[in-house]
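Heads up, the thing below is written out as structure tokens.
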Amino acid sequence: MDERSEKPLLIFDSGIGGLTVLREARVLLPDRRFVYVADDAGFPYGDWDEPPLRERLVSLFGALIAAHDPIACVIACNTASTLALDALRTAYPAMTFVGTVPAIKPAAERTRSGLVSVLATPGTVKRQYTRDLIDQWATKCEVRLVGSVTLAALAERYMRHGFVDEAAVRAEIMPCFVEADGRRTDIVVLACTHYPFVVNRMRKMAPWPVDWLDTSEAIARRALAIVPRISEEAAIERHDDVAVFTSGIADPVTRRLLQGFGLTFAAGSVAAK
């Protein structure tokens, strides 16, 4: 048997937002094992300065690669990808990394009004990588970058407890909606994997309908393109997919959430070197 068939695909996020990517990846790679990693000890990334966060990510992935020997690592986090993807590829050249970047190109291709908003964490908004994407793909559009301080945390609470403050969601998304010269924003890019969990609340609180562009499926398809499929003949015995939290702690509510995604919580913290 090809030893690559036994290696899991590692999906990484700052919290539980990357479960949206895991869900899509499972559909495309049903026979592959998965390790889901949430850096809850470092969450939220918006509170970090860039150099120490980049250093943390490089060190943390060293420990994760050594512990799980993944076939590839999917960074299901816009902040981590735009900040550290190049550094990770340099530090671990033998490992394949799939990053997550704001879906600015497809938004520019689909918009009819020419008014596009990118809803992201403050770190993703201020990063030059994001502005370079706009310069490369969206020069014919007016792109508004909206940095939300609290939306990722609101989504985390919603996933765990089933409740979200709709007024708070409305306050976070309202800067995305622009009217100019008889035109209105018609596409909002969800540039954080947490946000799709509360997109129904966003639709409810939005002042007019827009296309909420989620990149989870596109990320999963990129993983499918680089990870070999496991043939029926070579399919391995199913093992539980595991969830690793860098704090080593998950409360009962979170454990039930993970079970709903087919994940078994793996006790024990993961320390950056």
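Heads up: the sequence shown begins at 1 in the UniProt record's numbering, then just goes up one per residue. Cβ atoms here follow ideal geometry from the backbone N, Cα and C, with glycine treated the same way. None of the values given here were measured: they were computed from a predicted structure.
Can you tell me which of the options puts its alpha carbon nearest to the alpha carbon of residue i?
i, options, result
"G147", "F197, L190, L119, V164", "L119"
"T100", "D86, R56, Q259", "D86"
"A267", "V227, Y36, G17", "Y36"
"D31", "R203, E6, Y195, M205", "E6"
"R112", "T215, D211, F261", "D211"
"S14", "D165, D39, P209", "D39"
"A170", "Y195, M159, D49, A223", "The sequence shown places Arg at residue 170, not Ala. Nearest C-alpha to R170: Y195."
"I104", "V116, A66, D49, G248", "V116"
"T96", "G123, P8, R183", "P8"
"L151", "S81, R56, L29, E166", "E166"
"R184", "Y45, V143, G162", "V143"
For the alpha helix (DSSP H) that contains residue i, what are its first and last residues?
i, result
"L224", "216–226"
"L29", "That residue, L29, is in no alpha helix (DSSP H); it is neither H nor E in DSSP."
"D241", "From DSSP, D241 is part of no alpha helix (DSSP H) but of the beta strand (DSSP E) over 241–245."
Can you look up residue i in the DSSP assignment and give me helix, strand or coil?
i, result
"D86", "helix"
"V149", "coil"
"E233", "Note that E233 scores a pLDDT of 45, beneath 50, so its modelled location is shaky; the value from the coordinates is reported in the next line. E233 falls in the coil class under three-state DSSP."
"I187", "strand"
"Y36", "strand"
"V125", "helix"
"D13", "strand"
"R112", "coil"
"I65", "helix"
"T130", "helix"
"T96", "coil"
"T254", "helix"
"A206", "coil"
Just to confirm the assignment, what range does the beta strand (DSSP E) spanning residue i have?
i, result
"W212", "211–213"
"V101", "No beta strand (DSSP E) contains V101, which DSSP labels as neither H nor E."
"V74", "72–75"
"T264", "263–266"
Ignoring anything shorter than 4 residues or poking outside the stretch 152–178, list the alpha helix (DSSP H) runs there in chain order.
-> 166–173
Can at least three beta-carbon pairs, one atom from the stretch 55–72 and one from the stretch 90–97, be found at a separation below 8 Å?
-> yes
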